[in-house]
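I have placed the structure first, in the form of structure tokens, so that the comments after it can refer back to it.
Number of protein chains: 2
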Amino acid sequence: MQRAKIFKYGWQLLKSNCDGAAKQVTTSASSLRDHSVSHFSSQGPKSFGLLFDIDGVLLRGKTVIPGAKQCIRNLVDHNGKYKVPVVFVTNAGNCMRQTKAEQLSHVLDVEICPEQVMLSHSPLRIFTQFHKMRVLVSGQGPVMEVAENLGFQDVVTIDMLRDAYPLLDVIDHNRRPKDPSPPSKGLRPIDAIILFGEPIRWETNLQLIVDLLLTNGNPDNVWNSNQYPHIPVLACNMDLLWMAEAKNPRFGHGMFLVCLENLYKKVTGYELKYQALIGKPSVVTYNYAELLIRQQAERLGWTTPVKRLYAIGDNPMADIYGANLYNCYLQAARRTSTQMQATSGRGGSGSFEETLYEAPKMTSTEQDDMSLAHRPVEELPERCSSILVCTGVYSRGQQELPSDPTHTVTEQRIFHGHRDFRFDPTLTQPSFIVQDVKEAVELVFQQEACPLD
Amino acid sequence: MQRAKIFKYGWQLLKSNCDGAAKQVTTSASSLRDHSVSHFSSQGPKSFGLLFDIDGVLLRGKTVIPGAKQCIRNLVDHNGKYKVPVVFVTNAGNCMRQTKAEQLSHVLDVEICPEQVMLSHSPLRIFTQFHKMRVLVSGQGPVMEVAENLGFQDVVTIDMLRDAYPLLDVIDHNRRPKDPSPPSKGLRPIDAIILFGEPIRWETNLQLIVDLLLTNGNPDNVWNSNQYPHIPVLACNMDLLWMAEAKNPRFGHGMFLVCLENLYKKVTGYELKYQALIGKPSVVTYNYAELLIRQQAERLGWTTPVKRLYAIGDNPMADIYGANLYNCYLQAARRTSTQMQATSGRGGSGSFEETLYEAPKMTSTEQDDMSLAHRPVEELPERCSSILVCTGVYSRGQQELPSDPTHTVTEQRIFHGHRDFRFDPTLTQPSFIVQDVKEAVELVFQQEACPLD
Chain A
313 MQRAKIFKYG
323 WQLLKSNCDG
333 AAKQVTTSAS
343 SLRDHSVSHF
353 SSQGPKSFGL
363 LFDIDGVLLR
373 GKTVIPGAKQ
383 CIRNLVDHNG
393 KYKVPVVFVT
403 NAGNCMRQTK
413 AEQLSHVLDV
423 EICPEQVMLS
433 HSPLRIFTQF
443 HKMRVLVSGQ
453 GPVMEVAENL
463 GFQDVVTIDM
473 LRDAYPLLDV
483 IDHNRRPKDP
493 SPPSKGLRPI
503 DAIILFGEPI
513 RWETNLQLIV
523 DLLLTNGNPD
533 NVWNSNQYPH
543 IPVLACNMDL
553 LWMAEAKNPR
563 FGHGMFLVCL
573 ENLYKKVTGY
583 ELKYQALIGK
593 PSVVTYNYAE
603 LLIRQQAERL
613 GWTTPVKRLY
623 AIGDNPMADI
633 YGANLYNCYL
643 QAARRTSTQM
653 QATSGRGGSG
663 SFEETLYEAP
673 KMTSTEQDDM
683 SLAHRPVEEL
693 PERCSSILVC
703 TGVYSRGQQE
713 LPSDPTHTVT
723 EQRIFHGHRD
733 FRFDPTLTQP
743 SFIVQDVKEA
753 VELVFQQEAC
763 PLD
Chain B
313 MQRAKIFKYG
323 WQLLKSNCDG
333 AAKQVTTSAS
343 SLRDHSVSHF
353 SSQGPKSFGL
363 LFDIDGVLLR
373 GKTVIPGAKQ
383 CIRNLVDHNG
393 KYKVPVVFVT
403 NAGNCMRQTK
413 AEQLSHVLDV
423 EICPEQVMLS
433 HSPLRIFTQF
443 HKMRVLVSGQ
453 GPVMEVAENL
463 GFQDVVTIDM
473 LRDAYPLLDV
483 IDHNRRPKDP
493 SPPSKGLRPI
503 DAIILFGEPI
513 RWETNLQLIV
523 DLLLTNGNPD
533 NVWNSNQYPH
543 IPVLACNMDL
553 LWMAEAKNPR
563 FGHGMFLVCL
573 ENLYKKVTGY
583 ELKYQALIGK
593 PSVVTYNYAE
603 LLIRQQAERL
613 GWTTPVKRLY
623 AIGDNPMADI
633 YGANLYNCYL
643 QAARRTSTQM
653 QATSGRGGSG
663 SFEETLYEAP
673 KMTSTEQDDM
683 SLAHRPVEEL
693 PERCSSILVC
703 TGVYSRGQQE
713 LPSDPTHTVT
723 EQRIFHGHRD
733 FRFDPTLTQP
743 SFIVQDVKEA
753 VELVFQQEAC
763 PLD
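Pasting the structure below:
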């Protein structure tokens, strides 16, 4: 009973912190451009870091957004050294981060190293319990290389599966086997499925993944829809929509997941279950990004910990929701830690994870994310602010139109986040709204009372 | 008021007929193989026709099911003339019926003419109100040729749309335009969308179709999720699963429709609306098949109308459900006609269509199907019996296993029919269950007390 009370109290603390944060967020958002007074002291060394989203903030497709190049160049001193830790956090995942760093360096004309780039799948490095399993990977680009680089030791691609079981993928008439009974080479059963990002030929991946889920990873078995839960599924990048060069949003990996979830449910009657959902807005992603920020600060010779993070993005459901959810996590971790110290003398023994698992309004996926991402409180930043730009999915101009799809994103009727994330509309409210990335960076340096030039 | 009462009474007649049919169906199914006594007189000329499903009945993929070849050959006399009208009714639709007839003739070694083949899209010939519209067609194979052959005069393919708007389809990184701002040729707006069958590269078709639905057919417009209902969508072939050579069922066009419906709903919050759903189990399909049977009977020189149809299939949700639903339609049409004659002297003026539109338990799609398919009662057969074979989706042996996916098809928890078809479990119960197509044909000729040799 004592334990249960502590958990409940811990959750109330978490809730009150989130509510407080949301209120501050709304106030800040309404006082847009009122940046003349810094929120932070200019005394002492710099103590903040920047998280940049890429698509819709720096680029649209292959096109650099005006001002973005100069803005990033301003963050580097005349020796080519970054003035503050900078990490590029994207939900893209169909490439190696080395490749992404090279592409970004090229288009922005500033040197960006792989350690500054975080793709949606990057946190899979810490999911070591899956590294020795036989995993099927879904995505496009060098998926095998990406998986092995993350630590997976026994990787099977969709093409390898098609090759081993030539009768499974028959939707495209032209890719059906010529021989009606081709030899089935077979494969050792698959233990888990990793969804890196949107694949090509969705029909092939959807068919083969549903086959594995219904056969306990072995397509030689007969479909068994009662085998539930199915083998583990880990998904990176839940983005439903993103902005490329086209006028309207384009489909992201989140749309592929909507297809997979609904096909599985139509056939079996059960909900597809994710072992983990990685990428923005999951807490595990921000915690990993913060780890990269801290490593950079150390390389910059900073002796005091990074206290404040600023996350700049264009997508209310991914960038803003994620930064605010992470901020809730930071506040909860801090206050729960204080609470634990206060109650420990009275026989309390609850941990932060236990508090989170008691949280009444969190889905199991959110809880898993938070638990996995947990680190000692003293190493964590004090807060994470969210800055929304209007050059991507969100557009201030369009918001006034009744037909605006981005406007309805924050309405209860339509939820553009992932199925397994409870929708809290206050978390889509940014700390600040600015026009573009240039204004965003200027705002941060004003807030920190730190000269940008 | 008088009219409303007539409608209500008409619907009660329809219901009581369906219930009666279901009871008879159950009885017949339980008296399996008790065919020694014919249900029909052997006196007079032959008066029945056969509807054969193809996949799972005659073929599995490209492989002929044992006995099927001889069974069809037995239906042809020594002059090469069919003994009774025979129509091959398939939900496949990614080809011309000429091509399908040639393929079938080749593998079954019997001459089958195009007029004996009915593909899922064949009834689109009677949807003349769409023939002059500018339609986008989705599917694989010769979709342009198929559409033009059905009567459509202004047809746009997915490839033409991709070519006119090169920025829309960017999921496959390798198919993105090299030039970041390629010239957009544009197109006159699309008026309606025709979904023939499962396409390849589902991501492309899903993205472009959702683009059209959200832009009133013109991708130059900004997405407007409040524009509802969207432009008309007509879909052929709702089959969720079908049996090819693989041990387990393969994805059909119904799975593509599940994806489209759920993506549209995820983005807009609204249900995707179909102007028509064509192919088995829709009544419009069986009515069209019956028309082909009647035409064949005339060519055979039969002077009396075809009174009984036998539909042989492997899929409880498509073949059996469809034949039983059509049988309900036949009974209702007949009884409602009698009722109308009786009430016409008392001021009643309700038609069969009006009765159907008043039907409380039918979805609008089912009502549309029935209304479209309506023909004078005196031209309709007396009944349509359903015969289930165990060589395809349904397997009697597997049914006893608790894990059997086909078993659960008829359970309320899982519904493998289309979203817009109300699920009535009694309609999945066949008139007869037999092992294979050979037994099915023997059974029919026994029932009709007609020598097969």
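Residue numbers (my numbering), protein chains in the order written: chain A, 313 to 765; chain B, 313 to 765.
We treat Cβ as the ideally placed atom computed from N, Cα and C, and that holds for glycine.
* Any chain B beta carbon closer than 9 Å to A/N391 -> no
* To do: List the residues of chain B that A/T375 touches, going by C-beta distances under 7 Å, in chain order.
  => P492
* A/H728 CB to nearest chain B CB: under 9 Å? -> Taking Cβ atoms only, chain B reaches closer than 9 Å to A/H728, which makes this a yes.
* **Spatial neighbours of A/G453 in its chain, beta-carbon cut-off 6 Å, leaving aside the 5 residues before and after** => If we look at A/G453 and ignore the five residues flanking it on each side, its Cβ neighbours are N406 and C407.
* Taking a Cβ distance cut-off of 8 Å, strictly less, list which residues of the segment 437–466 of chain A are near chain B, in chain order. => Q452 and G453
* Asked: Is the Cβ of A/I502 closer than 9 Å to any Cβ of chain B?
  -> no
* Closer than 8 Å, Cβ to Cβ, to anything on chain C: give me those residues from the segment 729–744 of chain A, in chain order. => Checking the listed chains, one finds no chain C in this structure; the protein chains it contains are A and B.
* **Amino acids of chain B, ordered along the chain, whose beta-carbon sits closer than 9 Å to that of A/V419** => What A/V419 touches in chain B: nothing, since even the nearest Cβ is about 11 Å away.
* Tell me which same chain residues have a C-beta within less than 7 Å of the C-beta of B/R500, skipping the five on either side of it? -> R446
* Determine the chain B residues that contact A/V570 at a beta-carbon separation under 7 Å, and present them in chain order. => N574, L575 and K578
* **Cβ-heavy atom distance, B/E760 to the ligand ATP, below 8 Å** => Ligands in the displayed structure: none, and consequently the ligand ATP is not present.
* Can you pull the chain B residues whose beta carbon is under 8 Å from the beta carbon of A/N627, in chain order? => Neighbours of A/N627 on chain B: none; closest Cβ ~14 Å, over 8 Å.
* **Simplified DSSP assignment, three categories, for B/E754** => In the structure shown, B/E754 sits in a helix (DSSP, three-state: H, G or I).
* Contacts that A/E510 makes with chain B (C-beta to C-beta distance below 8 Å) -> I483 and E515
* Asked: For B/P357, does the count of other Cβ atoms within 10 angstroms reach 16, so buried, or fall short, so exposed?
  -> exposed
* Asked: Looking at C-alpha atoms only, which residue of B/T402, B/A601, B/P617 and B/Q759 is the closest neighbour of B/E694?
  -> B/P617
* **Beta-carbon neighbours of A/L552, restricted to chain B and to distances below 8 Å** => K578 and V579
* Asked: How would you call A/H728, buried or exposed, if buried means at least 16 neighbouring beta carbons within 10 angstroms?
  -> buried
* To do: Return yes when the Cβ of A/L363 is within less than 9 Å of the Cβ of A/A635, no when it is not.
  => yes
* Okay, do the segment 690–705 of chain A and the segment 620–627 of chain A touch, 3+ Cβ pairs below 8 Å being the bar? -> yes
* Which of helix, strand or coil DSSP assigns to B/D471 -> helix
* Using a Cβ cut-off of 9 Å (strictly closer), state whether B/Y563 contacts chain A. => In the sequence on display, residue 563 of chain B carries Phe and not Tyr. Cβ-Cβ to chain A under 9 Å: yes for B/F563.
* Asked: On the premise that B/E515 lies in contact with B/H565, defined as a C-beta separation below 8 Å, what is that separation, rounded to the nearest angstrom?
  -> Incorrect: roughly 16 Å between the Cβ atoms, too far for contact.
* What span of residues does the alpha helix (DSSP H) with B/R611 cover, start to end? -> V595 to R611
* Asked: Using a Cβ-Cβ cut-off of 6 Å (strictly less than) and excluding sequence neighbours within five positions of A/L473, which residues of its own chain qualify?
  -> L520
* The beta strand (DSSP E) spanning B/I384 covers which residue range? -> Where B/I384 is concerned, there is no enclosing beta strand (DSSP E), although the alpha helix (DSSP H) it sits in stretches over A380 to R385.
* With C-beta atoms as the reference, is B/P753 less than 9 Å away from B/C383? -> Note that residue 753 of chain B is Val in the sequence shown here, rather than Pro. Closer than 9 Å, so yes.
* Check the Cβ-Cβ distances between B/D365 and every residue of chain A, and say whether any is below 9 Å. => no
* Asked: In chain A, what lies closer than 9 Å to B/N406 by C-beta?
  -> H485
* Could you tell me which residues DSSP puts in a beta bridge with B/D466? => B/R446
* Residues of chain A with CB under 9 Å from B/K559, in chain order? -> Within 9 Å Cβ-Cβ: L479, P531, D532, N533, V534 and W535.
* Where B/P511 falls: helix, strand or coil (DSSP) -> Note: B/P511 maps to coil in three-state DSSP.
* Same chain only: Cβ atoms within 7 Å of A/T720, ignoring 5 sequence neighbours per side -> With a pLDDT of 39 at A/T720, under the threshold of 50, the modelled position of that residue is not reliable, and the figure given next carries that caveat. The answer, listed in chain order, is I726.
* Reducing DSSP to helix, strand and coil, say where B/M430 ends up. => strand
* Is the segment 391–405 of chain A touching the segment 569–576 of chain A in the sense that three or more CB pairs, one from each, lie closer than 8 Å? -> no
* At least one CB of chain B closer than 9 Å to the CB of A/R488: is that the case? -> yes
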